[in-house]
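Scroll down for the structure; my scribbles are underneath it.
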């Protein structure tokens with residue numbers, strides 16, 4: 001079945017460590033996105049990519065980095081520069097022109 | 113900053129009643145509007161999209177859009193306890209990056 005796979009689902013990190021969250025899609029979608037969600041809040045855009053080898057900062061990109069070497073993959077690295085990384089991270093993609101986002105199951109990162 | 117506003121709730125309705133969820137947005141140029149349902153600890157799932165003024169019905173759900181008032185709503189008829197979730201309103205402010213701006217969500221509780 002087509003979909004978006006995020007891993008790991010749960011991740012614990014010590015302060016000062018970088019971590020990478022994986023996002024893979026087999027929907028043949030061009031555009032991919034990373035959002036962050038904090039408790040009781042909406043989603044905020046971190047980075048997005050509309051084509052391979054190109055990506056743009058979203059509204060809260062500081063302390064994060066991404067790559068888009070393949071159409072199917074859009075990994076997010078949470079660096080030690082991110083001051084408050086504990087959150088629920090959601091990867092999404094858009095295939096057509098309707099703008100409908102489809103989400104993976106999310107990765108919950110906790111900094112100890 | 114382009115914004116999407118929702119009442120955080122909780123909105124409590126009895127089983128079988130109509131639940132009415134509301135959302136306002138700041139950018140008059142917005143073109144696409146979406147409602148997502150999010151269960152606790154899960155990722156958002158798309159339940160409705162609407163692109164033109166008026167009503168759009170899908171089963172028990174009706175989305176209403178009024179661009180002049182910058183207002184979009186979601187009606188859920190015959191509410192069920194399984195409808196208890198957070199409902200996120202999302203707006204496509206910027207067709208260039210095709211990313212959605214989300215409200216903080218309204219928590220709906222359907223009482224059996």
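Protein chains in written order, with our numbering: chain A, 1 to 112; chain B, 113 to 224.
Just so you know, even glycine gets a beta-carbon here, dropped at the ideal spot from N, CA and C.
Just so it is clear, the structure is predicted and the values come from calculations on it, not from any experiment.
For residue i, which residues does DSSP report across the bridge?
i, result
"residue 11 of chain A", "A:109"
"residue 139 of chain B", "The partner list for residue 139 of chain B (beta bridge, DSSP) is empty, contrary to what the question assumes."
"residue 87 of chain A", "A:109"
"residue 166 of chain B", "B:177"
"residue 149 of chain B", "B:157, B:199"
"residue 122 of chain B", "DSSP lists no partner for residue 122 of chain B."
"residue 4 of chain A", "A:25"
"residue 221 of chain B", "B:124"
"residue 133 of chain B", "B:186"
Measuring alpha carbon to alpha carbon, tell me which of the options ends up nearest residue i.
i, options, result
"residue 89 of chain A", "A:83, A:96, A:99, A:77", "A:77"
"residue 170 of chain B", "B:218, B:160, B:177", "B:160"
"residue 163 of chain B", "B:150, B:121, B:182", "B:182"
"residue 29 of chain A", "A:105, A:84, A:48", "A:48"
"residue 134 of chain B", "B:143, B:126, B:148", "B:148"
"residue 12 of chain A", "A:72, A:86, A:93, A:68", "A:86"
"residue 109 of chain A", "A:53, A:36, A:5, A:24", "A:36"
"residue 81 of chain A", "A:98, A:63, A:67", "A:63"
"residue 57 of chain A", "A:33, A:71, A:38, A:72", "A:33"
"residue 40 of chain A", "B:158, B:122, B:130, B:202", "B:122"
"residue 18 of chain A", "A:6, A:38, A:71, A:75", "A:75"
"residue 144 of chain B", "B:195, B:150, B:184", "B:184"
"residue 154 of chain B", "B:115, B:165, B:200, B:172", "B:200"
"residue 224 of chain B", "B:195, B:214, B:211, B:213", "B:195"
"residue 198 of chain B", "B:173, B:172, B:115, B:216", "B:216"
"residue 115 of chain B", "B:218, B:178, B:212", "B:212"
"residue 10 of chain A", "A:112, A:91, A:107", "A:107"
"residue 8 of chain A", "A:2, A:16, A:21, A:15", "A:21"
"residue 128 of chain B", "B:205, B:214, B:172, B:186", "B:172"
Check the Cβ of residue i against every Cβ in chain A and list those closer than 9 Å, keeping chain order.
i, result
"residue 164 of chain B", "Ordered by position in chain A, no residue passes the 9 Å Cβ test against residue 164 of chain B, which lies about 13 Å from the chain."
"residue 149 of chain B", "Near residue 149 of chain B there are no residues of chain A at all, since even the closest Cβ is about 11 Å away, more than 9 Å."
"residue 243 of chain B", "Here chain B has residues from 113 to 224 only, and residue 243 of chain B is not among them."
"residue 204 of chain B", "99"
"residue 215 of chain B", "42"
At 8 Å on the CB atoms, spell out the chain A contacts of residue i, in chain order.
i, result
"residue 142 of chain B", "The premise fails here: residue 142 of chain B is roughly 10 Å from chain A at the closest Cβ pair, so nothing lies under 8 Å."
"residue 146 of chain B", "99, 100, 101"
"residue 200 of chain B", "42, 43"
Could you name the residues of chain B that residue i contacts, counting a contact when the two beta carbons are closer than 7 Å?
i, result
"residue 24 of chain A", "Within 7 Å Cβ-Cβ: nothing; residue 24 of chain A doesn't reach chain B, min ~15 Å."
"residue 94 of chain A", "210"
"residue 90 of chain A", "155"
"residue 106 of chain A", "155"
Please list, in chain order, the chain A residues whose beta carbon lies closer than 7 Å to that of residue i.
i, result
"residue 156 of chain B", "103"
"residue 177 of chain B", "Neighbours of residue 177 of chain B on chain A: none; closest Cβ ~14 Å, over 7 Å."
"residue 111 of chain B", "Since the first residue shown for chain B is 113 and the last is 224, residue 111 of chain B is missing from the structure and cannot be characterised."
Tell me, to the nearest whole angstrom, how far the beta carbon of residue i is from that of residue j; I am working on the premise that it is less than 8 Å.
i, j, result
"residue 104 of chain A", "residue 4 of chain A", "4 Å"
"residue 167 of chain B", "residue 176 of chain B", "5 Å"
"residue 54 of chain A", "residue 68 of chain A", "7 Å"
"residue 46 of chain A", "residue 61 of chain A", "6 Å"
"residue 6 of chain A", "residue 23 of chain A", "5 Å"
"residue 222 of chain B", "residue 125 of chain B", "6 Å"
_Runs of beta strand (DSSP E) wholly within the region 12-71 of chain A (minimum 3 residues, chain order)_ = 19-25, 31-37, 43-51, 54-57, 64-66
_Completely contained beta strand (DSSP E) runs for the region 176-205 of chain B, where each covers 3 or more residues_ = 183-188
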